[in-house]
Amino acid sequence: MADRPNLIQLRISRFWPFPRVYYGWAVLVAGVLSSFATVATQGPIMGVFLRPIQEELEWSALTLTIGFVTGTVAGSLISPWVGRRLDRRGGRLVIVAAGVVIALSMVGLSVMSEPWHFWLFFGAARGAAVGGVALGMMVGLASWHVRRRGRVIGMIGTGQRAGQALLPLPILAIMLALSWREAWLALAVVVVLLLIIPSGLLVRRRPEDYGLLPDGDPPAGELAEGEQLGDRVEETWTLAEAKRTRTLWALMVAQASVVLSVNAVNLHITANFQDKMAVEQAVAAVAIFATAAALSTLPWGFALERVHVRYVGLTAVGLLFAAMLIAVRADTFAGAVTFAVTYGLGLGAWTVTSRMLFANYFGRRSFGSIRGFAAPIMVVVNPAGPLFAAYVRDATGSYSIAFVVFAVVFAVAFAAFLVAVPVRKRAGGMS
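So this is what it looks like as structure tokens:
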């Protein structure tokens with residue numbers, strides 16, 4: 497019986513060369529690579545493109561921001577449908593199809609000449625990343641890993657933040673040597689190599705489909721004497737049950753508040769610093785905050801295994817609040833670095849919090865449905881933050897007012913986490 501999981505894992509995918517290693521780690525490898533690749537659709541990378549595109553095509557910050565939020569809204573709108581499909585059939589097809597959309601959209605961005613081209617191509621790419629890749633990978637990983645979920649999500653977050661830290665400088669180099677159009681083509685290649693191919697080869701739905709258990713646990717009949725599986729089994733909630741708790745709604749408010757502000761800051765912070773210092777310093781500051789986030793995400797993931805996600809969330813929004821106050825006054829490179837470290841630490845904590853927020857409160861079985869249910873509120877908040885920041889910049893020539901408002905929004909998120917008390921099922925009811 498001891499060799500049975502090894503034989504099963506050989507049949508899951510012949511592209512995983514380590515049959516004695518739990519297959520959940522193969523899914524994690526695909527997840528880390530995909531999270532690195534999808535930063536091509538995220539604010540820190542788009543922020544590097546903003547000024548060169550504006551200068552060549554003479555577009556306003558608001559025009560470019562519309563494309564960014566179009567994709568985010570599209571991803572939020574399709575999330576409920578995608579979430580239900582993921583719970584039933586798994587995420588491999590969804591993730592691969594989304595990756596193809598992203599890669600083709602990057603090619604389209606390299607030849608765009610009109611605003612609607614940008615809205616279409618970048619909107620499609622970001623929508624596929626938000627509503628396809630991110631959701632699909634999180635549902636899959638939540639099914640394969642339970643006890644080690646914190647460190648697993650920390651590794652995924654490290655992949656994302658590593659991409660945000662490592663890609664801006666090469667992208668800037670390509671822009672300086674060639675143009676921003678070739679930079680989009682380079683990102684398309686990254687998506688094919690790191691997202692589409694690994695996900696197609698390695699991602700699988702859940703361990704039970706192959707006679708395995710989460711975390712690589714042995715079947716109950718093979719447990720050693722005195723070993724219990726009960727402590728490993730988490731409590732699970734259906735979407736209908738979760739909707740009857742105050743906690744779910746408080747979590748949705750907290751998540752929406754953070755997303756509203758973080759998306760805007762990630763998109764506009766490079767341009768904000770370019771208004772105050774050399775472009776190389778501005779891009780370096782972004783690389784520093786992404787590096788701080790990348791280095792801190794895994795430790796935050798380990799912390800998530802030892803304390804409730806609520807406390808990590810409170811820490812995250814506290815750091816993000818402080819970072820906004822620093823950003824308002826940061827007009828030197830030293831100030832930008834102070835912001836970058838503070839914001840990066842907060843972003844690292846939020847990375848692990850956001851990815852497993854609903855799974856840690858309500859379990860993994862209906863994770864896709866619950867997360868998908870919470871997504872439509874993002875239709876409102878996702879465009880609000882970036883568009884507001886762009887409007888403030890175009891109207892006043894500065895982002896300061898926007899950053900003050902975002903500090904207030906982070907305070908709202910902090911209050912919502914205080915309300916989001918963990919819930920437990922009881923015989924005959926819920927609490």
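Per my numbering, the very first residue in the sequence shown carries number 497; after that it's consecutive.
Backbone N, C-alpha and C fix where the C-beta goes; we use that ideal spot for every residue, glycine too.
Write down the C-beta distance between A788 and A836 rounded to the nearest angstrom, noting that I regard them as a contact closer than 8 Å.
The distance from the Cβ of A788 to that of A836 is about 6 Å, consistent with a contact at the 8 Å cut-off.
Notebook entry, point to check: Does the region 846-859 touch the region 803-816, meaning 3 or more C-beta pairs lie closer than 8 Å?
Noted result: With the cut-off at 8 Å, the region 803-816 and the region 846-859 touch.
Would you check if the distance between the CB atom of F618 and the CB atom of G567 is smaller than 9 Å? In contact: F618 and G567 (Cβ atoms closer than 9 Å).
Original post:
Is W615 buried or exposed, if buried means 16 or more other CB atoms sit within 10 Å of its CB?
Top reply: Taking every protein chain shown into account, the CB of W615 has 16 or more other CB atoms within 10 angstroms, so this residue is buried.
Practice task
Measure from the alpha carbon of L841 to the alpha carbon of each residue in A536, A780 and F817, then state which is nearest.
Solution key: Taking each of A536, A780 and F817 in turn and checking the Cα distance to L841, the smallest one comes out for F817.
Point to revise | Inter-residue Cα distance where the pair is D727 and I897 | key: Confidence in D727 is poor, its pLDDT being 41 and thus under 50, which makes the residue's placement unreliable; the coordinate value appears in the next sentence. Taking the straight line joining both Cα atoms gives about 49 Å.
Q) Alpha carbon to alpha carbon, how far is H804 from W612? A) Spanning the two alpha carbons is a distance of roughly 44 Å.
Out of curiosity, what's the CA-to-CA distance linking S689 and A658? The question names Ser, but residue 689 is Leu in the sequence shown. Taking C-alpha positions only, L689 is separated from A658 by approximately 16 Å.
Go ahead and label Q753 buried or exposed: buried means 16 or more other beta carbons lie within 10 angstroms of its beta carbon, across all protein chains shown. At residue 753 the sequence reads Ser, which differs from the Gln that was named. The residue is buried, with at least 16 neighbouring Cβ atoms inside 10 Å.
In three-state DSSP terms, what is W555? In this structure, W555 counts as coil in the three-state DSSP scheme.
Segment contact flag, the region 639-648 with the region 547-564, C-beta cutoff 8 Å, min 3 pairs:
Contact between the region 639-648 and the region 547-564 is absent, because fewer than three Cβ pairs lie under 8 Å.
Pick helix, strand or coil for Q751, following the three-state DSSP scheme.
When DSSP states are grouped into helix, strand and coil, Q751 belongs to the helix group.
*Rounded C-alpha distance that separates V525 from I652*: For the pair V525 and I652, the Cα-to-Cα distance works out to about 9 Å.
*Close beta carbons around A624, own chain, < 7 Å, minus the five adjacent residues each side*: If we look at A624 and ignore the five residues flanking it on each side, its Cβ neighbours are A594, V597 and I598.
Determine the burial state of F798: buried for a count of at least 16 other Cβ atoms within 10 Å of its Cβ, exposed for fewer. Classification for F798: exposed.
Would you check if the distance between the CB atom of N759 and the CB atom of N856 is smaller than 9 Å? It is not a contact, given that the beta carbons lie outside the stated cut-off.
Buried or exposed (CB count within 10 angstroms, at least 16 for buried), A912: With a 10 Å radius around the Cβ and a threshold of 16 neighbouring Cβ atoms, A912 comes out buried.
For the region 882-901 against the region 732-748, are there 3 or more C-beta pairs whose distance is under 8 Å? No: the two stretches stay apart, fewer than three of their Cβ pairs being nearer than 8 Å.
**Q.** S757 (DSSP reduced to helix, strand or coil)
**A.** DSSP places S757 in helix when its eight states are reduced to three.
| task | Taking L674 as part of the alpha helix (DSSP H), name the residues at either end of that continuous run. | result | Counting along the chain, L674 falls outside any alpha helix (DSSP H), and DSSP gives it neither H nor E.
Proximity winner among A916, M671 and F899, relative to E551 (alpha-carbon distances):
Residue M671 is the option with its Cα nearest to E551.
Our contact map puts L691 next to V629 with C-beta atoms below 8 Å; I'd like the distance itself, whole angstroms only. Contact holds; Cβ gap of about 7 Å.
Quick one: what's got a C-beta closer than 6 Å to S606's C-beta in the same chain, skipping five residues either side?
-> Cβ within range, chain order: R677, W680 and L681.
* DSSP on L546, reduced to helix/strand/coil? -> Collapsing the DSSP output to three states places L546 in a helix.
message: Between which two residues does the alpha helix (DSSP H) holding H613 run?
response: Unbroken alpha helix (DSSP H) run through H613: P611 to A624.
ask   = Exposed or buried, which one is L674 when buried takes at least 16 other CB atoms within 10 Å?
value = So L674 ends up on the exposed side.
| message | If the criterion is Cβ atoms closer than 9 Å, does the pair G655 and S531 meet it? | response | Yes, the pair counts as a contact, with Cβ atoms nearer than the cut-off.
Span separating the alpha-carbon of P703 from that of G831:
Roughly 48 Å separates the two Cα atoms.
According to DSSP, is H764 part of a helix, a strand, or is it coil?
In the structure shown, H764 sits in a helix (DSSP, three-state: H, G or I).
Nearest neighbour of F899, chosen from G636, A885 and G587 [CA to CA]
Ranking G636, A885 and G587 by CA distance to the CA of F899 puts A885 first.
Sequence-distant residues of the same chain with beta carbon closer than 7 Å to A948, five excluded per side: Only positions 497 to 927 of the chain appear in the structure, and residue 948 is not among them; the question remains open.
Item checked: Coarse secondary structure for S606, derived from DSSP in three states -> In this structure, DSSP gives S606 a state outside helix and strand, which the three-state scheme calls coil.
Q: Would you mind sorting T828 into buried or exposed? The rule is 16 or more other CB atoms within 10 Å of its CB.
A: Counting of Cβ neighbours within 10 angstroms places T828 among the exposed residues, the total staying below 16.
query: Skipping 5 residues on each side, what residues in its chain have a beta carbon closer than 6 Å to that of Q724?
result: Note that Q724 scores 44 on pLDDT, short of 50, meaning its location in the model is unreliable; the coordinates nonetheless yield the value given after this. Closer than 6 Å at Cβ, skipping near neighbours: no residue.
Query raised in the report: In its own chain, which residues sit with a C-beta less than 7 Å from the C-beta of A738, not counting the 5 before and 5 after it?
Result: The beta carbon of A738 is closer than 7 Å to those of L744, F858 and I866 in its chain, skipping five residues each way along the sequence.
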